[in-house]
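Encoded as structure tokens, the structure appears first; notes follow it.
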Amino acid sequence: MSGDRLQFENPIEDAISRLRFSPQSNNLLVASWDSYLRLYNVESSSLSLELYSQAALLDCCFENESTSFTSGSDGSIRRYDLNAGTVDTIGRHDDIATSIVYSYEKGEVISTGFDEKIKFWDTRQRESLVFSTDVGGAVGCVTVSGNNLVVCVDASMHIYDLRNLDEAFQSYSSQVEVPIRCITSVPYSRGYAVGSVDGQVAVNFPDTSCSNEIKYSFRCHPKCRNGRLDGVCINAIEFSPCGSGTFVTGDNEGYVISWNAKSRRRLFELPRYSNSIASLAFNHTGELLAIASSHTYQEAKEKEEAPQVFIHRF
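If you use my numbering, the sequence shown closes out at 310, no skipped numbers anywhere.
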């Protein structure tokens, strides 16, 4: 294993679903299936806050240093005042709420769910729900960068312009052709990368040196079993905010690998972690990578050792 392990006074009792660094500090959100949202100060190596939420938390995001949001297994979208230590529900989906992101361009929270809907919430309004649209399938994951929102439904991708949400301006099957497990945006651009349930990665990376886009796919975590190539589910994928084209992947067998999207090269692999890699998160400078080593409920025989969070320093 690689990196410094974060210490929690009360151990995380169920699977970690998401790690998110604050956009301007090294405060780290940890959402988990034990219904707790935890705020950890990486600089001081201390737990700042631990809030109970009455449902398994499947995703989380920051609005700013004092406000965050989660999506829950009960469909609820919850808001957390990180200064006051309070929680309230701003709305809900009709089924499990799978993903949540914050759009700084719109000043709104965007959530998705198994009810096949994308919902937009503006907590400055009396009625927080400001827009809802049906995408025709249960949403597995979502990412936002600038005015571009990418929503993944099974193996399909729907791209929305946040300035015109009447319909997706682009919908197509991804290059991986199997269900997409995770997605990440290229910082400050329209590019993205996805990871699939069978170990494939598809990259769509704008080339700033010309008008073209770099598009390709590859198997990043292949394993050979019984003489045949078998892919391992990629649970997490994250671009570095440094603009270098570096991204990392984490799989269900505990491996974290760093890649360069521009050169299509594998950069390095960290020593194997004892659990699956459930989530990855870069801090705002790209110097720290948070790694959630945790079971993910993806496989029946998956290890269920105590979830842990590590910080790898670049």
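All residues carry an ideal CB built from backbone N, CA and C; glycine is no exception.
Keep in mind that this is a model prediction, so the values were computed, not measured.
Straight-line Cα distance separating residue j from residue i
i, j, result
"G133", "V197", "22 Å"
"N23", "E265", "25 Å"
"P19", "L35", "14 Å"
"Q121", "E59", "16 Å"
"R262", "T245", "11 Å"
"A151", "I230", "14 Å"
"G87", "S124", "7 Å"
"S41", "A27", "18 Å"
"E46", "E39", "17 Å"
"P175", "V149", "8 Å"
"A189", "T292", "21 Å"
In DSSP terms, what residue i is bridged to
i, result
"W117", "V105, L125"
"R261", "N256"
"I179", "V190"
"T66", "C56, R74"
"S42", "N37"
"L99", "With the sequence shown as reference, residue 99 is identified as Ser, and Leu is not the correct amino acid for it. DSSP output for S99 lists E104 as bridge partner(s)."
"S275", "A288"
"A198", "V190, S213"
"F17", "L24"
"S169", "S152"
Beta-carbon proximity of residue i to residue j, cut-off 8 Å
i, j, result
"G(-1)", "H280", "no"
"N143", "D157", "yes"
"L323", "V305", "With the chain running from -3 to 310 in the structure shown, residue 323 is simply not present."
"I73", "T82", "no"
"T94", "G136", "yes"
First through last residue of the beta strand (DSSP E) which encompasses residue i
i, result
"D247", "242 to 247"
"D157", "152 to 157"
"V190", "188 to 192"
"L161", "No beta strand (DSSP E) contains L161, which DSSP labels as neither H nor E."
"A51", "Per DSSP, A51 belongs to no beta strand (DSSP E) and is neither H nor E."
Residue i, DSSP secondary structure in three states
i, result
"R268", "coil"
"F334", "With the chain covering only -3 through 310, there is no way to say anything about residue 334."
"F214", "strand"
"I92", "coil"
"A27", "strand"
"D10", "coil"
"Y32", "strand"
"V174", "coil"
"F310", "coil"
"G87", "strand"
"G132", "coil"
"N231", "strand"
"N144", "strand"
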